[in-house]
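K.L.:
Heads up, the sequence shown is in this note's numbering, so the first residue is 6 and it goes up one at a time. Quick reminder that beta carbons are idealized off the backbone N, C-alpha and C, glycines included.
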Amino acid sequence: MKIKKMLIFIIMAIVFAGCESGFEDMMDDVETVENSVSYNDNGATGGSIPVDNTIYKTGDTVTVLLNSGSLKKIPTAGTGEAFKFGGWNTKADGSGISYIAGSGTFVFDTAIILYAKWVKFELRDRGPANGWIFHDKGSYSGGWRYLEAAPEDISGTYAWKTSATDTPGTSTAIGTGYANTYTYMTGPEHPAAEVVRNAAYGGYTGWFLPSKDELNEMCWVLNSMKWNYPANLSENNPAYGDNRVGDFAGNYWSSYRTHFAEPQAYYQSFGNGYQTVATQHGLYFNVRAVRAF
Numbered sequence: 006m007k008i009k010k011m012l013i014f015i016i017m018a019i020v021f022a023g024c025e026s027g028f029e030d031m032m033d034d035v036e037t038v039e040n041s042v043s044y045n046d047n048g049a050t051g052g053s054i055p056v057d058n059t060i061y062k063t064g065d066t067v068t069v070l071l072n073s074g075s076l077k078k079i080p081t082a083g084t085g086e087a088f089k090f091g092g093w094n095t096k097a098d099g100s101g102i103s104y105i106a107g108s109g110t111f112v113f114d115t116a117i118i119l120y121a122k123w124v125k126f127e128l129r130d131r132g133p134a135n136g137w138i139f140h141d142k143g144s145y146s147g148g149w150r151y152l153e154a155a156p157e158d159i160s161g162t163y164a165w166k167t168s169a170t171d172t173p174g175t176s177t178a179i180g181t182g183y184a185n186t187y188t189y190m191t192g193p194e195h196p197a198a199e200v201v202r203n204a205a206y207g208g209y210t211g212w213f214l215p216s217k218d219e220l221n222e223m224c225w226v227l228n229s230m231k232w233n234y235p236a237n238l239s240e241n242n243p244a245y246g247d248n249r250v251g252d253f254a255g256n257y258w259s260s261y262r263t264h265f266a267e268p269q270a271y272y273q274s275f276g277n278g279y280q281t282v283a284t285q286h287g288l289y290f291n292v293r294a295v296r297a298f
């Protein structure tokens, strides 16, 4: 009888030990879930979320992680507005508490999900193609909001046209460079436009030669320079002073042709900001491609 009782006791001890171990494992799992900080890509079109494997306790200080997976929200061109990563937020719509990626901190209380915060691009930001943003029209419409200059000049210099014939239809305004390039400056007889149409940067195509006003905006925002006509002198952009980006040098063609008797097209000197006309054939200037997104 004593042996039987002893065996029963041993069996119960083994069962209890197993249950206790299982219970501890279960509690560890619960603790891992309840004491976690996780990240959500919040509609990103590329990249990956960081993973925090730390098990936090109430009162611990949490430093939010960097955007190490290069999350981005860049829809296919023309299908929706693009945004840049702007840190983490406690709510998907960005209305909660925001934290700077890599340095923002908070005191841990309970399990939390941090959502990627999407914000608008700023002038002089790097765009999706790693170019330079020089225009923001304020809202997304017509398939675009921003204009991005290519990260560098297209190699070589080019004539605006190979002959003195007219190219009707080109316009000056911001937002017309694409139509100038693809609708009016068609064919290889427009070398400056042709080389831009064949350009690709950062995996993106659809580049165009900027209109007269787009080129002037590019010079003003990125090269911090324009020509002050009343004073007849070069003027620096007060927002940037002498700080220039984009490595511009020399003269650049626009996609606007004047419609006077003499065949001339507008160009701009990025040395002093001066914008004027030049013979469309026989003169060779730099070309900087632009895209809208």
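What beta strand (DSSP E) runs, 3 residues minimum, are completely inside the segment 79 to 153?
P.N.:
89 to 94, 110 to 112, 117 to 124, 137 to 146
K.L.:
CB-CB under 7 Å to residue 161, same chain, minus the five flanking residues each way: which ones, in chain order?
P.N.:
Mapped onto the sequence shown, residue 161 falls at position 156. The answer is none, since no qualifying residue turns up.
K.L.:
Can you list, in chain order, the stretches of the beta strand (DSSP E) that have 3 or more residues and sit fully within the segment 210 to 289?
P.N.:
Those beta strand (DSSP E) runs which fall completely within the segment 210 to 289 and span 3+ residues are 230 to 233, 238 to 241, 256 to 262, 269 to 274, 280 to 284.
K.L.:
So which of 111, 74, 70, 53 has the shortest CA-CA distance to residue 63?
P.N.:
One-based indexing of the sequence shown puts residue 63 at position 58. When each option's Cα is compared against that of residue 63, the closest is 111.
K.L.:
Can the beta-carbon of residue 273 be found less than 8 Å from the beta-carbon of residue 224?
P.N.:
Position 268 of the sequence shown holds residue 273. Position 219 of the sequence shown holds residue 224. Cβ distance < 8 Å, so residue 273 and residue 224 count as in contact.
K.L.:
Could you give the C-beta distance for residue 120 and residue 89, rounded to a whole number, given that I count them as a contact under 8 Å?
P.N.:
In the sequence shown, counting from the first residue as 1, residue 120 sits at position 115. In the sequence shown, counting from the first residue as 1, residue 89 sits at position 84. Their Cβ separation, rounded to whole angstroms, is 15 Å, which puts residue 120 and residue 89 out of contact at 8 Å.
K.L.:
Quick check on residue 47: does DSSP put it in helix, strand or coil?
P.N.:
By one-based count along the sequence shown, residue 47 stands at place 42. Coil at residue 47, not helix or strand.
K.L.:
Quick check on DSSP: helix, strand or coil for residue 300?
P.N.:
Past the edges of the chain, shown from 6 to 298, lies residue 300, and the structure says nothing about it.
K.L.:
Can you look up residue 293 in the DSSP assignment and give me helix, strand or coil?
P.N.:
Within the sequence shown, the letter at position 288 stands for residue 293. Residue 293: coil per DSSP, three-state reduction.
K.L.:
Considering only C-alpha positions, which residue in the set 56, 43, 290, 285 is nearest to residue 190?
P.N.:
Here residue 190 is taken as the residue at index 185 of the sequence shown, counted from 1. If we check each option's Cα against that of residue 190, 285 comes out closest.
K.L.:
Do you know how far the Cα of residue 197 is from the Cα of residue 288?
P.N.:
Here residue 288 refers to the residue found at position 283 of the sequence shown. Here residue 197 refers to the residue found at position 192 of the sequence shown. Going by the C-alpha atoms only, they are around 11 Å apart.
K.L.:
Between residue 167 and residue 271, what straight-line distance do the alpha-carbon atoms span, to the nearest angstrom?
P.N.:
In the sequence shown, the residue the question calls residue 167 occupies position 162. In the sequence shown, the residue the question calls residue 271 occupies position 266. Cα-Cα distance, rounded: 16 Å.
K.L.:
Sort 60, 148, 244 by Cα distance to residue 84 and report the nearest one.
P.N.:
Taking the first residue of the sequence shown as 1, we reach residue 84 at position 79. Selected option, being the one with the closest Cα: 148.
K.L.:
Below 6 Å CB to CB, which residues in the same chain sit around residue 107 once its five sequence neighbours on both sides are set aside?
P.N.:
Here the question's residue 107 lines up with position 102 in the sequence shown. Within the same chain, residue 107 has close Cβ partners 71.
K.L.:
Within 10 angstroms of its Cβ, does residue 56 collect 16 or more other Cβ (buried), or is it exposed?
P.N.:
Locating residue 56 in the sequence shown gives position 51, counting from the first residue. Its Cβ having fewer than 16 others within 10 Å, residue 56 is exposed.
K.L.:
By Cβ distance, which residues of its chain are closer than 8 Å to residue 176, with the 5 residues on each side in sequence left out?
P.N.:
On the sequence shown, position 171 is the one that residue 176 refers to. Only 184, 185, 216, 261 meet the Cβ criterion.
K.L.:
Can you give the beta carbon distance from residue 290 to residue 163, rounded, assuming they're within the 8 Å contact cut?
P.N.:
Taking the first residue of the sequence shown as position 1, residue 290 is located at position 285. Taking the first residue of the sequence shown as position 1, residue 163 is located at position 158. Yes, residue 290 and residue 163 are in contact; Cβ-Cβ is about 7 Å, under 8 Å.
K.L.:
Determine, using beta carbons only, whether residue 79 and residue 59 come nearer to each other than 8 Å.
P.N.:
For this step, residue 79 is matched to residue 74 along the sequence shown. For this step, residue 59 is matched to residue 54 along the sequence shown. It is not a contact, given that the beta carbons lie outside the stated cut-off.
K.L.:
What separation, rounded to the nearest whole angstrom, lies between the Cα atoms of residue 207 and residue 280?
P.N.:
What you label residue 207 is simply residue 202 of the sequence shown in a count that begins at 1. What you label residue 280 is simply residue 275 of the sequence shown in a count that begins at 1. When rounded, the distance between both Cα atoms is 29 Å.
K.L.:
Under the three-state reduction of DSSP, which class applies to residue 38: helix, strand or coil?
P.N.:
By one-based count along the sequence shown, residue 38 stands at place 33. Annotation note: pLDDT 46 at residue 38 (below 50); position unreliable, no value reported.
K.L.:
May I ask you to check if the CB of residue 223 is nearer than 7 Å to at least one heavy atom of the ligand FAD?
P.N.:
The ligand FAD is absent from the structure shown, which contains no ligand whatsoever.
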